[in-house]
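A short write-up of the structure that comes next.
Here it is as structure tokens:
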């Protein structure tokens, strides 16, 4: 697959190989800020969109074709796994995802099943096939999933959370039950990532979006352990794995033990992250998405600042530290891509 | 004042002097989890409570008298400063504080004035006098304020926030206007802390609750700089300053340059924090408040874990990493205090 790619900057940077310039893609690049996406989305609801392979492939292609990113990321949602495991999932307009029957007991956890990906998540695999056919090797396609801990938080809280009272109560009071849940979710994710890779994704990003709400000891026991197990169990065959996290200022050495790339937010200096990990991983990030609400000129300055910090270093993928905000002006995204392509030249 | 204290464990720990056991107080200890507080609060609204010195002193005393903490913290709110500077402040039941006319322009910032503390915040100073009279030297009294950056976020956003779009847009697009605002707020805080110290508080905690949403460079320019300036401008006369932060895993050395104590949340290991700061500051914290929702036995285990990490080290004040949750069972708080008093013996 790889030899056919016309633009392999992203994959070369993941492997810390030399590149002619820094590659760029951004989280949620196939999303609401883009008028072409809104045109598709206005006709169908969110779940129909990600469950219909032709539509998912269509919006996955848009940012690559319209804006010129160096990678495509499949349009989907991390919560398809809990849904396929048997948890009813609802998306309410403006309110985000909800599990109306969150997990609260051993019986709830016992009822979950490890899904047959080809049957129950066949629409994701079909979207991968369709997207790669349309991409025709123009840029690599990134698959993704949530981390075991992050998915567990949604499954136990029932949705987003501020204090994470339910999952933490489970952790403090019934740690063995939480481990059971994490093992089931990890088993489902191993199958899911293997299926995505067989279907043709060139890289995989695992979102540990809520890892940062744990203490370092609890992080190691309830998140990192399962991340390592998941990554070790995936049949990689050269497919790099990107470990997405937020707010982790310290302890990156341990995280760098299994993934090829760490995707970091703006609360940590990328140069410091490289230092902490002795250059053993590539780094992805880390512009603050709110910077994209400013003017094109300010966006260019902010991009330059990050590129200057990473000047001459291999293994940097330009990205935001978190998903792009829906009200971001497209001209600022264009300014960002142009700036990275202009200033990110390594030679 | 200090020589008259019957229990000076907290102040000795702030100064990293030897103590017979680890002292404990917890953030929001005068608050909703306590039935005695709810009894007072049921008769008056939140603003009347903190603006009425006899009532503020009453609820400040409750946790010390009922539960036996090693320090009292004045019942008040960090938003009294923006309010005294001229911003209308509302507390709506269940919704938290709001500034219905948030700052959005140079004119808005220009209209703010630096308040005369003795006149406009006389009720705070009077509450300090009354509390110290009732404490009669039993334990020290802690005063507090918000950091310049943290107050500015509320003043510009109009309340709590998830993305901090307005203050960050100001930062990216009109940094000089933000600096002007931070300078005004810092000037008000210098007067406020000096007045609190003259009125008799034994220590001061500065809450930089929202510092962690910034990149390291922006943190240094828009928060740390003003923290250092504030701390350097306060006439201390032996009163220790506690620098409260959240989520900062790295870069603690710089923060430790001016305050005596760093108050840390559970996302950083206290032992690592000591190492990073070469033992130059005392550390306060750092139990996760959600642990207090479990059972007394689990609370004891969690307390012991933290105490073991800090065993034999001077300069540790036991606390939560954030405010106590309103639905915390009082018996768990009692178990926590008992555990710290039992296991926290240094000799």
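Residue numbers (this note's numbering), protein chains in the order written: chain A, 552 to 898; chain B, 552 to 898. Where is the CB? At the ideal position from N, CA and C, for every residue including glycine.
Contiguous beta strand (DSSP E) assignments of at least 3 residues, all confined to the segment 598-626 of chain B: none
Sheet register partners of residue 755 of chain B (DSSP bridge): The residue labelled residue 755 of chain B in the question sits at position 204 within the second chain. Answer is B:694, B:792.
Residue-level contact to chain A via CB, residue 849 of chain B, 8 Å cutoff: The residue labelled residue 849 of chain B in the question sits at position 298 within the second chain. It does: the Cβ of residue 849 of chain B has a partner Cβ on chain A nearer than 8 Å.
Beta-carbon proximity check, residue 762 of chain B vs residue 828 of chain B, cutoff 8 Å: Residue 762 of chain B sits at position 211 when you count from the first residue of the second chain. Residue 828 of chain B sits at position 277 when you count from the first residue of the second chain. In this structure, residue 828 of chain B does not lie closer than 8 Å to residue 762 of chain B by Cβ.
CB of residue 706 of chain B within 8 Å of CB of residue 626 of chain B, strictly: Counting from one through the second chain, the residue named residue 706 of chain B turns up at place 155. Counting from one through the second chain, the residue named residue 626 of chain B turns up at place 75. In this structure, residue 626 of chain B does not lie closer than 8 Å to residue 706 of chain B by Cβ.
Alpha-carbon to alpha-carbon, residue 771 of chain B and residue 719 of chain B: Position 168 of the second chain holds residue 719 of chain B. Position 220 of the second chain holds residue 771 of chain B. Just so you know, the alpha carbons of residue 719 of chain B and residue 771 of chain B end up roughly 15 Å apart.
Candidates A:760, A:848, A:789: closest to residue 778 of chain A by CA position: As a first step, residue 778 of chain A is located in the first chain; it is residue number 227 there, counting from the start. Among A:760, A:848, A:789, the Cα nearest to that of residue 778 of chain A belongs to A:760.
Anticipated Cβ contact below 8 Å, residue 679 of chain A with residue 758 of chain A, distance rounded: Start at 1 with the first residue of the first chain, and residue 679 of chain A comes out as number 128. Start at 1 with the first residue of the first chain, and residue 758 of chain A comes out as number 207. Contact doesn't hold; Cβ gap of about 18 Å is too wide.
For residue 747 of chain A, the nearest candidate out of A:788, A:724, A:712, A:710 (CA to CA): As a working mapping, residue 747 of chain A is identified with position 196 in the first chain. That would be A:788, whose Cα lies nearest to the Cα of residue 747 of chain A.
Nearest residue (CA-CA) to residue 584 of chain B, options B:764, B:875, B:896, B:886: Locating residue 584 of chain B in the second chain gives position 33, where the first residue counts as 1. When only C-alpha atoms are compared, the closest one is B:875.
Residue-chain proximity (residue 886 of chain B, chain A), Cβ-Cβ < 8 Å: Translated into positions along the second chain, residue 886 of chain B becomes position 335. No, residue 886 of chain B does not count as interfacial toward chain A.
Within chain A, the residues that residue 716 of chain B reaches when beta carbons sit closer than 8 Å: Here residue 716 of chain B refers to the residue found at position 165 when the second chain is read from its first residue. Near residue 716 of chain B (Cβ distances below 8 Å), the residues of chain A are 841, 844, 876.
Residue 563 of chain B, DSSP secondary structure in three states: Your numbering for residue 563 of chain B matches position 12 in the second chain. Correct three-state label for residue 563 of chain B: helix.
Whole-number beta carbon distance between residue 623 of chain B and residue 693 of chain B, since they are thought to touch under 8 Å: Along the second chain, read from residue 1 onward, the residue named residue 693 of chain B stands at position 142. Along the second chain, read from residue 1 onward, the residue named residue 623 of chain B stands at position 72. Going by Cβ atoms, the distance from residue 693 of chain B to residue 623 of chain B rounds to 7 Å, so yes, they are a contact pair.
Which of helix, strand or coil DSSP assigns to residue 837 of chain A: What you label residue 837 of chain A is simply residue 286 of the first chain in a count that begins at 1. In this structure, residue 837 of chain A counts as strand in the three-state DSSP scheme.
The beta strand (DSSP E) enclosing residue 730 of chain B, as first and last residue numbers: One-based indexing of the second chain puts residue 730 of chain B at position 179. No beta strand (DSSP E) contains residue 730 of chain B, which is instead part of the alpha helix (DSSP H) from 726-750.
Rounded straight-line distance, which links the Cα of residue 797 of chain B to that of residue 877 of chain B: In the second chain, the residue the question calls residue 877 of chain B occupies position 326. In the second chain, the residue the question calls residue 797 of chain B occupies position 246. Approximately 20 Å between the Cα atoms of the pair.
is_contact[residue 723 of chain A, chain B] using C-beta, thresh 8 Å: Within the first chain, numbered from 1, the residue matching residue 723 of chain A stands at position 172. By this cut-off, residue 723 of chain A is an interface position.
The segment 588-596 of chain A in contact with the segment 560-572 of chain B per 3-pair CB rule at 8 Å: no
Rounded straight-line distance, which links the Cα of residue 807 of chain A to that of residue 552 of chain A: In the first chain, residue 552 of chain A corresponds to position 1, counting from 1. In the first chain, residue 807 of chain A corresponds to position 256, counting from 1. Caution applies to residue 552 of chain A, whose pLDDT of 46 falls short of 50 and renders its modelled position unreliable; the value that the coordinates give is listed next. When the Cα atoms are used, residue 552 of chain A and residue 807 of chain A turn out to be separated by approximately 26 Å.
Three-state secondary structure assigned by DSSP to residue 643 of chain B: By one-based count along the second chain, residue 643 of chain B stands at place 92. In the three-state reduction of the DSSP assignment, residue 643 of chain B falls in the strand class.
Close beta carbons around residue 765 of chain B, own chain, < 6 Å, minus the five adjacent residues each side: Along the second chain, one-based indexing puts residue 765 of chain B at 214. Nothing listed; no residue qualifies.
Residues bridged to residue 812 of chain B (per DSSP): Numbered from 1 along the second chain, position 261 holds the residue referred to as residue 812 of chain B. Answer is B:793, B:833, bridged to residue 812 of chain B.
Continuous beta strand (DSSP E) stretch holding residue 683 of chain B: start and end: Within the second chain, residue 683 of chain B is the residue found at index 132, counting from 1. Taken as a continuous stretch (DSSP letters only), residue 683 of chain B belongs to no beta strand (DSSP E), being part of the alpha helix (DSSP H) at 673-686.
Pick from B:712, B:683, B:657 that is closest to residue 731 of chain B, judged by C-alpha positions: In the second chain, counting from the first residue as 1, residue 731 of chain B sits at position 180. Looking at the Cα atoms, B:657 is the closest of the given residues.
Test: residue 763 of chain A CB closer than 8 Å to a CB of chain C: As a matter of chain content, chain C is missing from the structure shown, whose protein chains are A and B.
Residues sharing a beta bridge with residue 649 of chain A, DSSP: Translated into the one-based positions of the first chain, residue 649 of chain A becomes position 98. Partner(s): A:641.
Alpha-carbon to alpha-carbon, residue 688 of chain A and residue 596 of chain A: Within the first chain, the letter at position 45 stands for residue 596 of chain A. Within the first chain, the letter at position 137 stands for residue 688 of chain A. Their backbone Cα atoms lie some 30 Å apart in a straight line.
Element boundaries [beta strand (DSSP E), containing residue 867 of chain B]: Residue mapping note: residue 867 of chain B aligns to position 316 of the second chain, counting from 1. Segment 867-871, the beta strand (DSSP E) holding residue 867 of chain B.
8 Å Cβ shell around residue 850 of chain A - same chain, five flanking residues per side excluded: Numbered from 1 along the first chain, position 299 holds the residue referred to as residue 850 of chain A. Excluding residues within five positions, the ones whose Cβ falls inside 8 Å are 842, 843, 883, 886, 887, 890.
Residue-chain proximity (residue 700 of chain A, chain B), Cβ-Cβ < 8 Å: Counting from one through the first chain, the residue named residue 700 of chain A turns up at place 149. Chain B, which has no Cβ nearer than 8 Å to the Cβ of residue 700 of chain A, makes this no.
Counterpart residues of residue 896 of chain A in DSSP-defined beta bridges: Locating residue 896 of chain A in the first chain gives position 345, counting from the first residue. BP columns for residue 896 of chain A point to A:572.
Contacts that residue 759 of chain A makes with chain B (C-beta to C-beta distance below 8 Å): As a position in the first chain, residue 759 of chain A is number 208, starting the count at 1. In chain order: nothing, as chain B lies at least about 14 Å away.
Assigned exposure category for residue 816 of chain A - 16 Cβ within 10 Å defines buried: Here residue 816 of chain A is taken as the residue at index 265 of the first chain, counted from 1. Buried: at least 16 other Cβ atoms inside 10 Å.
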